[in-house]
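Each residue of the sequence shown is one higher than the last, beginning at 1 in my numbering.
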Amino acid sequence: MLKLIMRQEMGDDSIDDFTTSDDSLDYEKDLANGERASKNSQLHKRLDDLLEQKRLKALLDDTDDWDID
Numbered sequence: 001m002l003k004l005i006m007r008q009e010m011g012d013d014s015i016d017d018f019t020t021s022d023d024s025l026d027y028e029k030d031l032a033n034g035e036r037a038s039k040n041s042q043l044h045k046r047l048d049d050l051l052e053q054k055r056l057k058a059l060l061d062d063t064d065d066w067d068i069d
């Protein structure tokens, strides 16, 4: 369906320009492994925790604006 939509938008141009002819690309070689992967995982977890704390703090700070009687 995506190809059909793209064909309609592009007219008679070939869709082959947008597809890769080599389906055997190896993305795994770019990924960290071993100790580096572990450090990256810990770093991402720490960043997620900090962002969650920031989000929760913003929610708590927002409660000051509420008029609760």
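Even for Gly, the Cβ is constructed at its ideal location relative to N, Cα and C. Note that the structure is a prediction, hence the values are computed from the model and not measured.
1) Residues in its own chain within less than 8 Å of residue 43 by CB, not counting five upstream and five downstream?
2) To the nearest angstrom, report how far apart residue 51 and residue 25 are at their CA atoms.
3) Along the chain, where does the alpha helix (DSSP H) containing residue 48 start, and where does it finish?
4) Alpha carbon to alpha carbon, how far is residue 37 from residue 49?
5) Once DSSP output is grouped into helix, strand and coil, what is the label at residue 26?
This is what the structure gives:
1) Closer than 8 Å at Cβ, skipping near neighbours: no residue.
2) Near 34 Å, if we compare the C-alpha coordinates of residue 25 and residue 51.
3) For residue 48, the enclosing alpha helix (DSSP H) starts and ends at 35-62.
4) Residue 37 and residue 49: Cα-Cα distance of roughly 18 Å.
5) Under the three-state reduction of DSSP output, residue 26 falls in the coil class, being neither helix nor strand.
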